[in-house]
Amino acid sequence: MTTEIKTFCYNGNPQLIVPADRGEFATLQQWLLSIAAELDMQERIRKHLMICCDEIFTNIASYAYPEGNGSVTVTVEFVSETKSLRVIFSDSGTAFNPLEISEPDTSSALSERKVGGLGMFMVKKMMDSVEYCRQDGKNILTLTKCLEKQDK
């Protein structure tokens, strides 16, 4: 069986490219909501997807380009064989693998915890797969969510 991959288009383009600016998340959010509607995505999965994409986009906008402006490229694919959605974030900012962040200590009191790290912890818990690579001077982070699972 051949795996079919459907790439969603944004205004006729196979990806969305926006400035790495927190205010631009609204554009990505609207596109993801339209894809969720097209796929008749369950509300819980849609909410997890939105939370995770917001976290990743915010991290790129906040940290990837310390010297100035840059852009974020987002590709969204549906993989028919696994009935899963892949959201691929790419930026040419500072090399950074978010999967190397150590997991936060969630057992101690909030006042005793180190600041940071909860966002990626949450993303890893909500998504079925999170993968990173650095290729051709770009950070590429792929979030995968099975659209039929309910356990995450």
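Residue numbering for the sequence shown follows this note's numbering, starting at 93 and increasing by one per position. A virtual CB, placed ideally from N, CA and C, is assigned to each residue, including glycine. As the structure is a computational prediction, the values presented were derived from the model and not from experiment.
Given a threshold of 16 other Cβ atoms within 10 Å of its Cβ, counted over all protein chains shown, does Asn231 qualify as buried or as exposed? buried
Over the uninterrupted alpha helix (DSSP H) stretch that includes Asp146, give me the two end residues. 135 to 151
Contact defined as beta carbons within less than 8 Å: I believe Asn161 pairs with Ala112. What is the distance between those atoms, to the nearest angstrom? 7 Å
Assess contact between the stretch 179 to 194 and the stretch 156 to 171, defined as three or more Cβ pairs (one per stretch) separated by less than 8 Å. Is contact present? yes
Pick from Arg114, Leu108, Asn103 that is closest to Ala156, judged by C-alpha positions: Arg114
Minimum C-alpha distance to Met212 - residue among Leu108, Leu235, Gln227: Closest option to Met212, Cα to Cα, is Leu235.
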